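J.: Residue -16 is where the sequence shown starts when you use the numbering used here, and the numbers rise one by one after that. Idealized CB from N, CA, C, for every residue including glycine. Please read these numbers as outputs of a predicted model, since none were measured by experiment.
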Amino acid sequence: MSIFRKDQMIHGNEYTCHVYAKGHGFAGKKILDQSMEAIRIMAEECDHLQGFIFYRSLGGGTGTGFTSLLTEKLTSTFDKIGIHEYSILPGSHPSSSAVAVYNTVLSIADTLQTPKCAFMFDNNILFKWCKERLNILDPSYSNMNDILARILSSITASLRFQSALNVTLDDFHRSLIPHPQLCFPLASFAPISPSSEPTECTAHELIKACFSDENQLLNCRLKNGEFLASSLMFSGNVRTVDANKVLTKLRSSNQIKFVDWCQSIFKAGFNPRPTHIYPKTELAITKRQLCMLTNTTELSKVFRGLRRKYEKLIKKKAFFHLYMDEGMEERDFFGAAEKLHTLEKNYEEIQHNNYCPKNAILE
-16 MSIFRKDQMI HGNEYTCHVY AKGHGFAGKK ILDQSMEAIR IMAEECDHLQ GFIFYRSLGG
44 GTGTGFTSLL TEKLTSTFDK IGIHEYSILP GSHPSSSAVA VYNTVLSIAD TLQTPKCAFM
104 FDNNILFKWC KERLNILDPS YSNMNDILAR ILSSITASLR FQSALNVTLD DFHRSLIPHP
164 QLCFPLASFA PISPSSEPTE CTAHELIKAC FSDENQLLNC RLKNGEFLAS SLMFSGNVRT
224 VDANKVLTKL RSSNQIKFVD WCQSIFKAGF NPRPTHIYPK TELAITKRQL CMLTNTTELS
284 KVFRGLRRKY EKLIKKKAFF HLYMDEGMEE RDFFGAAEKL HTLEKNYEEI QHNNYCPKNA
344 ILE
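Okay, structure coming up:
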């Protein structure tokens, strides 16, 4: 049994060969109209269309090039519709293609052109959690996807169940994105434990875990940066008073810094339903979970690391022919590097110079 309608399954015979330009160019355009027609039919069946959610990989040609192409078409067709992206950053485990960095940076540069809320998850971290926390000797994509599904389910729970926080896609934008160019919230999650050794945490332990470096889904050290926004989404049997008491104490301790021009509060939402667990998973079933979403200046270091890898490749013009054969030009590569550098500097200047971007939302 599939959760997807068969008449909404779109497929084609073209292969993007792990190249962004193929997905954004000829191969993607061959199925663009068919995809848009399927989306139009589903959109017309909605009573109140909020927006679209993309789940994709940033390493290959379809997840990067075609998703960017489809997003461009959607934003021009559906005015003022929210877009959420849940993207997997390629890592060395499992191994990725030689041009994965190109695809990643070119796609992130596209992300900055359309208003959206873009979450990224590091494949290396998911792999590490499978090995070290779930005690899986040789983690598979299925094992990694189990963890990711648990986290994504927690993020979107407020859209599906009654909640006082982030009940629409627009709410995510308002609570986490102070400026369209600063649209990359960081996710952290707890607990992650094997089914053979379930870990039950108190509200205090959940919050402490989500602020620790070991539970971030990107390689970030939260305490080194400054917060622009933070939403904590509790699932299961968590008492509101217990969680708020811990957050109040944390805020007054000055361990966590907010930028001066943003409201320095933690927004918390409570969903009494624990996250549903797929029966054949290595993950433990727990009574309480916490997913924390944070927009922080520490993201500058994530983008800096990506940019440096990317610039090493474009300096050698390695594999340029794979992209230029599909119509790209050299300036497209360097333009993407400039956009990523600007994004990195925007986050950096906010922390070091208390820079407030023009038209920032000062909630």
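At which residue ranges does the stretch 188 to 256 contain complete alpha helix (DSSP H) runs of 4 or more residues, listed in the order of the chain?
T.: The qualifying runs are 223 to 235.
J.: Less than 9 Å separating the beta-carbons of residue 267 and residue 182?
T.: yes
J.: Thinking C-alpha only, which one of 123, 59, 175 is nearest residue 112?
T.: 175
J.: Taking DSSP as the reference, what is the three-state secondary structure of residue 345?
T.: Residue placement at residue 345 is poorly supported in this model, since its pLDDT is 48, which falls under 50; the coordinates still yield a value, given next. Looking at residue 345 - three-state DSSP - the assignment turns out to be coil, as it is neither helix nor strand.
J.: Where do the N-terminal and C-terminal ends of the beta strand (DSSP E) with residue -10 fall, by residue?
T.: Note, residue -10: premise wrong, no beta strand (DSSP E); not H, not E.
J.: Distance, Cα to Cα, residue 59 vs residue 94?
T.: 14 Å
J.: Apply the 10 Å Cβ neighbour rule to residue 86 and answer buried if 16 or more other Cβ atoms are within range, or exposed otherwise.
T.: buried
J.: Taking just the CA atoms, how far does residue 72 sit from residue 134?
T.: 16 Å
J.: Which partner residues does residue 350 have in the DSSP bridge list?
T.: Residue coverage of the chain in this structure runs from -16 to 346, which leaves residue 350 outside it and unanswerable.
J.: If you follow the beta strand (DSSP E) that residue 85 is part of, which residue opens it and which one closes it?
T.: Looking at the DSSP string, residue 85 is not in any beta strand (DSSP E); the run it does join, the alpha helix (DSSP H), is 83 to 94.
J.: By a C-beta neighbour count over all protein chains shown, 10 Å radius and 16 as the cutoff for buried, is residue 306 buried or exposed?
T.: buried
J.: Suppose the cutoff is 8 Å on Cβ atoms and the five residues either side in sequence are ignored; what does the same chain contact list for residue 264 look like?
T.: 129, 178
J.: For the beta strand (DSSP E) holding residue 34, just list the boundary residues, first then last.
T.: Residues 34 to 40.
J.: For a minimum of 3 consecutive residues, which ranges assigned as the beta strand (DSSP E) are wholly contained in the stretch 8 to 72?
T.: 34 to 40, 65 to 72
J.: Given this structure, state the Cα-to-Cα distance separating residue 223 from residue 269, to the nearest angstrom.
T.: 18 Å
J.: Quick check on DSSP: helix, strand or coil for residue 117?
T.: coil
J.: Looking at the ligand PLP, does it come within less than 8 Å of residue 281, judged from the CB to the closest heavy atom?
T.: This structure simply doesn't include the ligand PLP, nor any ligand for that matter.
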